[in-house]
Amino acid sequence: MHGIPEANHEADLAVYYDRHAPVRNTRALTPHRVECREWFIRLLKSEHRHSLLELGCGTGVEGVEFVRAGLHYTGVDLSPESVHLARSAGLDASVASGRDLPFASSVFSAAWTMSTLLHVPNSRIHDVVRELVRVTAPGAPIAVGLWSGEDDEVLNPEDLEEPRRFFSRRSDETVQRIFGEHGAVEHFRTWPEGVGVESGPGAGQWNQHYQFLVLRTPLPN
């Protein structure tokens, strides 16, 4: 962990994203990201799934699109200011941590979390994935998007203000292994992401690509 105190990750992330919420609310997603969302919506409709939890909903940029698609949408985020903007857009959103989701078990038929779980250290990632599995129905699809890396955990050197964001940038092999411990990784793809639209950690310097997977939660024995 390079001496980074874990207890401060979520509080520091909330401060960072509170500060940047108005700007992030105006950013467009890349075509690949839009394509993945539309593909996932088609998957949910083909399986007659109607409710979706988004972990790391931000200001609701994607939540609005899920609602337009006819899904019953619920979003959570660490940033109160982001949640305020999401609610202003008419979304059901609340402040919560992925480590302790404030929902009963099996209440959602799917989940979606983009560019969020990279803020969770390896020492906590299984706790968060278990929570996502817990609150979704057996056999539910959970879509996950991450920025790749070489299995390093750092405070983003390109953040110009304190507190800087924590990133756990995982290799394709590590990502598939981690999520494969919680169900079946039935869809995995990657692509190079450009800089300047929804640029990721260290977009100007680090060798990275975007990872998109669908974890299928286990069915009862």
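Residue numbers for the sequence shown follow my numbering, beginning at 13 and rising by one.
Backbone N, C-alpha and C define an ideal beta-carbon position, used for all residues, glycine too.
So what's residue 75 in DSSP terms, helix, strand or just coil? What you label residue 75 is simply residue 63 of the sequence shown in a count that begins at 1. Three-state DSSP puts residue 75 in a helix.
Quick check: the region 112 to 121 against the region 130 to 138, are there 3 or more CB pairs under 8 Å? Cβ pair count under 8 Å is below three, so no.
Which residue wins for smallest C-alpha separation from residue 99, given the options 122, 69, 125 and 113? Residue mapping note: residue 99 aligns to position 87 of the sequence shown, counting from 1. Among 122, 69, 125 and 113, the Cα nearest to that of residue 99 belongs to 69.
Am I right that residue 195 and residue 158 are in contact with their C-beta atoms under 8 Å? What's the rounded C-beta distance? For this step, residue 195 is matched to residue 183 along the sequence shown. For this step, residue 158 is matched to residue 146 along the sequence shown. The Cβ separation is near 16 Å, so there is no contact.
Just the Cα atoms here: how many angstroms apart are residue 45 and residue 95? Position 33 of the sequence shown holds residue 45. Position 83 of the sequence shown holds residue 95. So the alpha carbons of these two residues sit roughly 21 Å apart.
Where does residue 157 fall in DSSP's three states? Here residue 157 is taken as the residue at index 145 of the sequence shown, counted from 1. Residue 157: strand per DSSP, three-state reduction.
Considering only their Cβ atoms, is the gap separating residue 76 from residue 113 smaller than 9 Å? The count along the sequence shown starts at 1 and reaches residue 113 at position 101. The count along the sequence shown starts at 1 and reaches residue 76 at position 64. Not a contact, by the Cβ cut-off of 9 Å.
Does the region 82 to 89 come close enough to the region 52 to 68 that 3 or more CB-CB pairs lie under 8 Å? Judged by Cβ distances under 8 Å, the region 52 to 68 makes contact with the region 82 to 89, as three or more pairs qualify.
Please state if the CB of residue 28 and the CB of residue 177 are separated by a distance shorter than 9 Å. Here residue 177 is taken as the residue at index 165 of the sequence shown, counted from 1. Here residue 28 is taken as the residue at index 16 of the sequence shown, counted from 1. Yes, Cβ-Cβ distance for residue 177 and residue 28 is below 9 Å.
Alpha carbon to alpha carbon, what distance is there between residue 93 and residue 31? As a position in the sequence shown, residue 31 is number 19, starting the count at 1. As a position in the sequence shown, residue 93 is number 81, starting the count at 1. C-alpha separation (whole angstroms): 8 Å.
Can you tell me which of 53, 22 and 224 puts its alpha carbon nearest to the alpha carbon of residue 203? In the sequence shown, the residue the question calls residue 203 occupies position 191. Minimum Cα-Cα distance from residue 203 among the listed residues 53, 22 and 224 corresponds to 224.
Would you list the residues sitting across from residue 87 in a DSSP beta bridge? Counted from its first residue, the sequence shown places residue 87 at position 75. Paired residue(s): 66 and 105.
Between which two residues does the beta strand (DSSP E) holding residue 201 run? Counting from 1 along the sequence shown, the entry for residue 201 is found at position 189. Element bounds for residue 201: 196 to 203.
Which residue's Cα is closest to the Cα of residue 220: 154, 181, 139 and 103? Mapped onto the sequence shown, residue 220 falls at position 208. Of the candidates 154, 181, 139 and 103, the one whose C-alpha sits nearest the C-alpha of residue 220 is 181.
Taking 9 Å as the threshold (C-beta atoms), are residue 126 and residue 155 in contact? For the purposes of this step, residue 155 is taken as residue 143 along the sequence shown, with counting starting at 1. For the purposes of this step, residue 126 is taken as residue 114 along the sequence shown, with counting starting at 1. Yes. Within cutoff.
Among the residues of its own chain, which have a CB less than 6 Å from the CB of residue 208, if the five just before and after it don't count? Within the sequence shown, numbered from 1, the residue matching residue 208 stands at position 196. Only weak support exists for where residue 208 lies, its pLDDT of 38 falling under 50; the value from the coordinates is given anyway. Excluding positions up to five away in sequence, the list is empty.
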